[in-house]
Each structure stands twice: as C-alpha cells, then as structure tokens.
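A quick write-up on the structure given underneath.
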Amino acid sequence: MKFINYLESISGIGIYPLISLIVFVGFFALVTLYIIKGNKNHFEKLRNLPLNEKN
Amino acid sequence: MELQKFQYDNKTVKMFAYATILWGLVGMLVGLIAAIQMYLPSVNLSLPYTTFGRIRPLHTNAVIFAFVGNGIFMGVYYSLQRLLKARMFSDLLSKIHFWGWQIIIVLAAVTLVLGKTTGKEYAELEWPIDILITLVWVVFGWNMFGTIIRRRERHLYVAIWFYIATFVTVAMLHIVNSIEIPVSFWKSYPVYAGVQDALVQWWYGHNAVAFFLTTPYLGMMYYFLPKIAQRPVYSYRLSIIHFWALIFLYIWAGPHHLLYTSVPDWAQSLGVVFSIMLIAPSWGGMINGLLTLRGAWDRVRDNVALKFLVVAVTAYGMATFEGPMLSLKSVSAIAHYTDWIVAHVHVGALGWNGFMTFGILYWLIPRLFQTKLYSERLANMHFWIGTLGIVIYAVPMYWAGFMQSSMWKDFTPEGQLKWQFLDTVTKMIPFYIARSIGGTLFLTGAIMMTYNLIKTIKIGTFLEIEEDEAPALTGEYQSHSKDHWHRWIERKPIQLMIISLVVVAIGGLVEFVPVFLVKSNIPTIASVKPYTPLELEGRDIYIREGCYTCHSQMIRPFRSETARYGEYSKAGEFVYDHPFQWGSKRTGPDLARIGGKYPDSWHYNHMLDPTSMAPGSIMPQYPWLLEDQLDGNSTMAKIKAMKRLGVPYPDGFEKIAMQEMEKQAKEITENLKKDGIETLADREIVALIAYLQRLGKDIKAEVLKAEK
Ligand code: HEM
Ligand code: HEM
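Residue numbers (numbering that gives the first Met the number 0), protein chains in the order written: chain C, 0 to 54; chain H, 0 to 707.
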C-alpha cells in the first residue's frame, strides 16, 4: 500500500513550527527580561497580596 | 482616601464547598465500584446501567467536573473576592452558576448511566448538556470579570491569572471539541473523524487535565498555601515565569496521548518536545510552593491543612515528572494502554487534586464557621489513611502496568507470542484487588473528613456577613516614569485574558491547521468503505456501552502488536469514524481487526457470557443486547447526518437504509442459525455483531488483493 507522508504536500508546512518557536522564544525573552529587571518593591508588594487581609 | 465598606459573599463559597464534598464522595464511591468490577464484574448485577463501560465515564466525569469542578469554584469564589477586595459581582449570577453547575452534574449522571454518550473521553456528555455547560461557564466568567472590574486592588495577584487562563482556555477547548451534528435529542456525531477527531479530542483531553485539574489548582496553591502558612510565596518572579511557560507549553502537548498511532509523525514529535519542556515550569511551580514553607516546617507539623497541601504539591511534582517521561516515545511504547497510565492519573488525581481540596476544606470550613476544627486527631488520621490509600492504589498499578506490558511483548525463542491475551488479564487480578483496597482507604479518609466537617459546622456559627473595607480605585493610574509593559498586563484583566487566549490559540492552530488540510490529502484507501446502516447502528451500541473504555482500536507498529492483532492501523482506515474509537486503555484486547476472526455465534455467546468463550475473562455480561429490540427510528437521520459530514453514501441511500439493514440482519441470523442459535433479526446483538465483524475487514481485502 502506498502511504506517502501526505503532510509533505501541504505547502509551507515547515514554517508553522518555526513561527511558533520564534513567538515562543521571543515572548519568553521579554518575560525573562522583565523578571530580571523588574522593580523589587513591586514584586514584594504583589507577593504579599494574599496576606493583606485584616483577619 | 475614603474607605469603602463591603461584604464578602461567603454563602456561595459554602455551597460550593458542600457540593465539593458531596460529589467527591459520590465520584470516589463510583470509582471504587468500578475498581471492584475489574475483578468481580458481577457486582454490576447484570444491569446495563451499572456496567463498567457506563460507570467508568460516570466516575471520571463525577470526580473531574463535579468534585474538582466545585472545588475550583469554591477556591475561586473565596480567594478572588479577597484578593480584589470586592464582593462577587452579582449574587444572581453566583446563584445561577452554582445551581446551573449542579443541574449539569445531575443530568450528566443520569444520561451517562443511560448510555447517552458521545464516546469521547472526558467529553462524553451529549450536545444539550454541552450547550448548558457553555452557558453556565459564561455565567462564571461574567461573574468573575464583573468582580475584577469592580475591584479595589489594582494589581492582579498571580492566582487570578491562573483563573483567567483557566476560564478562556476551557471555553475554547470545550467549544472546539464539542462541535457536533445532532441526530436526535440525545445523540450526535462529531464533525471530525478518525485522525482529526483523535487530535482534537486529545488536544482537548490533555488540556482538560492541564486547564481543569492543574491551572486552577495552581492558582489555589498560590493563594491558599501562603495564606495558611502565613507567609508570602517564595518567589513572585518564579510564579510569573511559571504562569507563562505553563500555559504556553501545555496547549501543545496533546499528541503525547497518541504516540505510535496513525497521527502524523510531526504532530507526535511536537507533543513530545513540548511535554518534555513542561517539566521546567511544573517543577518551578512545585519548588515555589514547597519553598514557601522554608523555615516554617514546624508549622506544617501542627497544621493538618498544611500537611495535606505539602503532599499535594509533592504529588504534583511526581505526576509532572512522570508525565514528560511518559511522553518519550520509548516509554510510551511500554506504558500506553496499560495500568501504568492509571497509576499516573491517580497520583495526580488523588494526591494533587484530592489532597489540595481536603487541605483547603480543613482550613476553610472552620474559618467560615468561626470555630476550630472539631477534631484535629481525626483529621490527622485522615491524612495518614489517605496517604496510605494513594500508595496502595498507585504501587500495584505501576507493577501491573510493567507486567502487562512485558507480557504483551514476550516472545518465545521460536518467535511465537508467549502469552494469550487472557493470561495477561488474569495475572492482573491480584493488583486490581490491591488497588480497590487503596481506593477503600482513600474513600474512608474522605468519609472521616465529612464527619469531622459536619461536626465542625454544628458547633460553629456561619459567618454570613463578613465585612471589609478598602479605598476605591481612583480612575487614573499614576504610572511610574518608566513603567514596564508587563505591569500593564498585570493591571488589565481583559488584556491578560486576550493575551492568554492568543497564547493558547496559537498552539491549537499550529497543530490543527495542517491536520484539517489533511482531509483532502489523505490518500483514502480505496477498499475502505462507509459502514452499512446495520454496522452503523452496531457501532452506536458499541459507543453506548462504553466498549472503548476497555478496548482499543489502534494497533501500533510493533512486532508484538502486529503478531497479536494483525497489520498496524493506518490513518486512511478511520476516515468515516465519527467519532474515532481508538481508546486509551487495553483492559481487553485490541479490536481494530476483530472482524472475521471468530464466527458470529462466538460473538453471540461471548456477549451473553464472556467466560463461556474466554474462561476467566473479566468482561461484563450483556444479556440485554440479546433481548432488546434495535431502535431503527433514527437510522435514516443517522445516514443523513453522516452524509452531511461528508461520508459518501449514494444519493437517496437513507431511503433504502432500512431495507439494507434488514437484509444484512437476516444474513447474520441465518449464520447464527447454522450454529444452532435462534434469534430475531431485529435484536441489538445482531447490529453489534455486524459492526464487530466489519472491523479491520476493509484493509484485509486490500492486503489480499496486493498478495494476488
Ligand atoms: C477512591 C478513589 C478512586 C478509585 C477507587 C478510583 C478508581 C478508578 C478506576 C477503577 C478507574 C478505571 C481504570 C481502568 O480503566 O483501568 C479510574 C479511572 C480514572 N479515575 Fe479514578 N478512582 C478514584 C479517585 C479518583 C479521583 C479523585 C480522580 C480525579 C480527581 C480520578 C480520576 C480518574 C480518571 C481521570 C480516570 C481515567 C484514567 C484513564 O483514562 O487512563 N479518580 N479510577
Ligand atoms: C508536565 C505534566 C504532565 C505531562 C507531560 C503528562 C503526560 C501524560 C502522558 C504522556 C500521558 C499518557 C497518555 C497515554 O499513553 O495514554 C498522560 C495521561 C494522563 N495524565 Fe498526565 N501528564 C502530566 C501531568 C498530569 C497531572 C498533574 C495530572 C492530574 C492531575 C495528569 C492526569 C493525566 C490523566 C487523567 C491521564 C489519562 C488520560 C487518558 O488516557 O484517559 N497528568 N499524561
């Protein structure tokens, strides 16, 4: 039985993983940058949000 | 700044907590019954409603959507209000949400035992319920966003991000996976078939795990763990990374459920790569949770709620280490279809979801009722008995899984399969017994908790009106001189939702687009023909009885499988399968090529009493199939629906469908007669036999032709 890899026939299929990889890495680079450079006090404030209750 | 007074809605939280407990007990009891049926099938009393194939979906739906679902809403409604310093947006919406969800659960329970199912794991509910779920989910989102918009705290704590991502992703998953054509009020066919259906289904199925059992519970971890331990989360920065990485990666991982199947290789590889990467954020999250307790471990010793949470987070770490391993193709080759997967599932389900829920309940109920827990001692006993329950559940299942797999793959020196499939089943029985003991312990713990909490509720008084105050948010945000783009997201719930949606949608699209294009590209195997009307009806009986919960229809390309079952499965064989029926567990043998293996009479006797044909079999009996008349009322509608879905029946075929059906049924009854079995031609068993005898036949014809 001929069972060719039918996906090869989709034009430009190789670009999908590539685009997503770029988006993915790019976004992460940005988030990481933010994490490293972000203001410490700001994180400290956020971190304590659950404990800011009177009871 | 002027302080505004407001009241928290504790009542809805309380109701969700009660529902969590109630459905937890029900769901686990059903799980236990299913566990016992795996060595004592007669426990079902030979009733259709209680057979394994119907009880198992009842169990999974009850524990996931009823127990964990109500647990999520309990956690969200409690923490959201406090983190945002605002009452829930609308009491009416809260009410509709609560009762709507409970109605869905009841409808689900009733329809599942009646055999009304789509036959897609974790998405079994039929279309009217699907619509109801969509509506209630929208009410939940509306209520949540309304609260967020009225908040008095500008920044959204990370727990809320997890809630928002849960909301959008579940909405997307549910809608995409539930696109189906109704045939009647309680019957529909999915628009996808075969390989496409499998991919969409496991994209959904995996993310049901990811965005129902995981992200909302992580949000709860980020709120309740610090809250109960009274110290802030270890690293807020880590939690940001955890969030984005997790939602980014999870959505891609679905195909790890389909390794070595007929799904295209690139999709499998994608699933593998993203699953392996998942270990990083998952462990980041676990470490973040556990390190929150650093220097406070003494508190864990005398706080039973914290104990539960620590085990929960540890179990999360175990399941998320194991998951990526199971996604390696070589490991999947061993573990897929076996009890190993069941062990993996329950480490996550019992440990992570179960214990997290118990821990939160032990903390929350006394708080809502302004009192102390009735008995710390009993709660500690629950902790130990529950932990032991998990161990006695999981260890035998791992063992069973390995053993099953190696027996399936064993060859004699002469090159013959060493074991009959049945041998591999009967060898499992001691492990199944052990598992049910583990389950009994776990359930006993939950019952002890229920007693303890009822007592607590009795001695306390419910805090109906809990007041708090906070300044209103001023209209304009004083942005810092060099404000950061991510902070913009942190302040803007809608933006956060949209970005989350984009993030998860990309993953979905990249996976689907090519696969949807495939339809026109699959070189359809010429000999693969649509099902005859009788076979189609038989197939619907197969789905109704939940045969797929124990039998696969997907032969992987291994020598051990082709030797046992025949030629491995090809994508082109499933183009008319709405829905696909590949299954995920091989409690019984694969059925993809069962057609023609036995005479019709064998199937007749086997369905009446499986042990008559396969001594020692644990398959339940299906006596009603021999007695019940086939309901042919919707056959015409079914053929029409299939035609709309692109199945190439000839024009006007629906009109002659009934005749065709009677003709084929007569042939089968005559066959049976030759073997001394008298039956009417319009019984359900005849249709089922027609379907079973069809399975794998098309490709056999192809092979014969090629050989000639
Ligand atoms: C007393 C506790 C429990 C017992 C005795 C139990 C028992 C079982 C049994 C016998 C099965 C079928 C396994 C098979 O087909 O081979 C099963 C499947 C399953 N259970 Fe449970 N269960 C329990 C609790 C839970 C909880 C709390 C959850 C979720 C929060 C859960 C989630 C599931 C899921 C998702 C499956 C399907 C697994 C798969 O498709 O591989 N169970 N359970
Ligand atoms: C990084 C995290 C995880 C990954 C990569 C992962 C991966 C996997 C893999 C490869 C399978 C096997 C599918 C098969 O061969 O049939 C599986 C099954 C499953 N996992 Fe996980 N897992 C992870 C975490 C979890 C957690 C935390 C839970 C529970 C709370 C969970 C629940 C399940 C369920 C319910 C199934 C059974 C699906 C079915 O066959 O019906 N997983 N997982």
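Where a beta carbon is used, it is the ideal one built from N, C-alpha and C, also for glycine.
message: Within 8 Å of any Cβ in chain C, is that where the Cβ of H/L82 sits?
response: The C-beta of H/L82 comes closer than 8 Å to at least one C-beta of chain C.
message: Within a Cβ cutoff of 8 Å, which residues of the same chain sit near H/H550, ignoring the five residues on either side of it in sequence?
response: Excluding sequence neighbours, H/H550 sits near G582, R585, T586, G587, P588, D589, L590.
query: Could you give the C-beta distance for H/L644 and H/D681, rounded to a whole number, given that I count them as a contact under 8 Å?
result: The Cβ separation is near 27 Å, so there is no contact.
field: CB contact flag (H/F166, H/Y221, <8 Å)
entry: Taking 8 Å as the Cβ cut-off, H/F166 and H/Y221 do not qualify as a contacting pair.
field: Sequence-distant residues of its chain with Cβ nearer than 6 Å to H/V62 (five each side left out)
entry: Closer than 6 Å at Cβ, skipping near neighbours: G26.
message: Just checking H/T116 against ligand 1 - is the residue's beta carbon closer than 7 Å to any of the ligand's heavy atoms?
response: No - ligand 1 has no heavy atom lying nearer than 7 Å to the Cβ of H/T116.
message: Buried or exposed for H/K13, going by 16 or more other Cβ atoms inside 10 Å?
response: By the 16-neighbour rule on beta-carbons within 10 angstroms, H/K13 is buried.
- prompt: Mind pulling the alpha helix (DSSP H) runs of 4 or more residues that sit fully within the segment 109-170 of chain H?
  reply: Segments of the alpha helix (DSSP H) lying fully in the segment 109-170 of chain H: 126-148.
message: Less than 7 Å between C-beta atoms, sequence neighbours within five positions excluded: which residues of the same chain meet that for C/L17?
response: Beyond the five residues adjoining it in sequence on each side, C/L17 comes within less than 7 Å, by CB distance, of no other residue in the same chain.
Collapsed DSSP secondary structure at H/P470 in the structure displayed: H/P470: strand per DSSP, three-state reduction.
Neighbouring residues, chain H, relative to C/I21 (Cβ below 7 Å): Those within 7 Å of C/I21 in chain H number zero; the least Cβ separation is about 11 Å.
message: Between which residues of its own chain and H/P40 is the CB-CB distance below 6 Å, once the five residues before and five after are set aside?
response: Cβ within range, chain order: I617, P619.
- request: May I ask you to report which of helix, strand or coil DSSP gives H/P225?
  value: In the structure shown, H/P225 adopts helical secondary structure according to DSSP, grouped into three states.
- prompt: For H/S600, which of H/T668, H/S435, H/K569 has the nearest alpha-carbon?
  reply: The residue from H/T668, H/S435, H/K569 with its alpha-carbon nearest to that of H/S600 is H/T668.
query: Whole-angstrom Cβ separation of H/P323 and H/I278, contact assumed at under 8 Å?
result: Sure, about 5 Å apart at Cβ, within 8 Å.
message: Just list the residues that DSSP pairs H/I32 with in beta bridges.
response: Under DSSP, H/I32 takes part in no beta bridge, so it has no partner.
query: What do you reckon, are the CB atoms on H/Y648 and H/M641 nearer than 8 Å?
result: Yes, they are a contact pair.
query: Going along the segment 343-365 of chain H in order, which residues come within less than 7 Å of chain C, judged by CB to CB distance?
result: Cβ contacts with chain C come from no residue of the segment 343-365 of chain H.
message: 8 Å is my cut-off, CB to CB: does C/V30 come that close to chain H?
response: Closer than 8 Å: yes.
- request: Check the Cβ of C/L45 against every Cβ in chain H and list those closer than 8 Å, keeping chain order.
  value: What C/L45 touches in chain H: H154, Y156, V157, Y235, E489.
message: With a threshold of 8 Å between beta-carbons, can H/D697 be considered close to chain C, or not?
response: Cβ-Cβ to chain C under 8 Å: no for H/D697.
- prompt: What's the C-alpha gap between H/N520 and H/K226?
  reply: The pLDDT assigned to H/N520 is 44, lower than 50, so where the model puts this residue is not dependable; a value taken from the coordinates is nonetheless given after this. If I take the Cα positions, the gap works out to 55 Å.
query: What does H/Y222 reach in chain C if we use C-beta pairs closer than 7 Å?
result: Close to H/Y222, with beta-carbon spacing below 7 Å, are these residues of chain C in chain order: P49.
- request: Pull up the CB-CB distance for H/L131 and H/R53, whole angstroms please, since I reckon it's below 8 Å.
  value: At roughly 21 Å, the Cβ-Cβ gap does not stay under 8 Å, so H/L131 and H/R53 are not in contact.
- request: Report yes if the C-beta distance between H/A197 and H/V574 is below 8 Å; otherwise report no.
  value: Pairing H/A197 with H/V574 gives a Cβ-Cβ distance that is not under 8 Å.
task: Kindly indicate which three-state DSSP category H/Q403 falls into: helix, strand or coil?
output: Residue state, collapsed to three classes: helix.
message: Looking at H/T531: is its Cβ nearer than 8 Å to the Cβ of H/E659?
response: Their beta carbons are under 8 Å apart, which means H/T531 touches H/E659 by this criterion.
field: Rounded straight-line distance, which links the Cα of H/H335 to that of H/R85
entry: Sequence check: residue 85 of chain H is Ala here, not Arg. H/A85 and H/H335: Cα-Cα distance of roughly 47 Å.
message: Closest to H/L155 by C-alpha separation, out of H/L462, H/S78, H/Y188, would be which residue?
response: Among H/L462, H/S78, H/Y188, the Cα nearest to that of H/L155 belongs to H/S78.
query: So what does DSSP say about H/S93, is it helix, strand or coil?
result: If DSSP states are grouped into helix, strand and coil, H/S93 belongs with the helices.
task: Please state whether DSSP places H/V232 in a helix, a strand or coil.
output: Secondary structure of H/V232 (DSSP, three-state): coil.
- prompt: Going by beta carbon distance, what residues of the same chain come within less than 8 Å of H/T678, once the five residues before and after it are set aside?
  reply: If we look at H/T678 and ignore the five residues flanking it on each side, its Cβ neighbours are Y603, L625, T668, L671, I684, V685.
- request: Within 10 angstroms of the Cβ of H/S480, are there 16 or more other Cβ atoms? Answer buried if so, exposed if not.
  value: Confidence at H/S480 is low in this model, with a pLDDT of 47, below 50, so the placement of that residue should be treated as unreliable; the coordinate-derived value is given next. H/S480 should be labelled exposed.
task: Could you give the DSSP three-state label for H/Y216: helix, strand or coil?
output: Of the three classes helix, strand and coil, the one that applies to H/Y216 here is helix, per DSSP.
- prompt: Looking at the structure shown, is H/N520 part of a helix, part of a strand, or coil, going by DSSP?
  reply: Bear in mind that the predicted position of H/N520 carries a pLDDT of just 44, short of 50, making it unreliable; the figure below should be weighed with that in mind. In the three-state reduction of the DSSP assignment, H/N520 falls in the helix class, which pools H, G and I.
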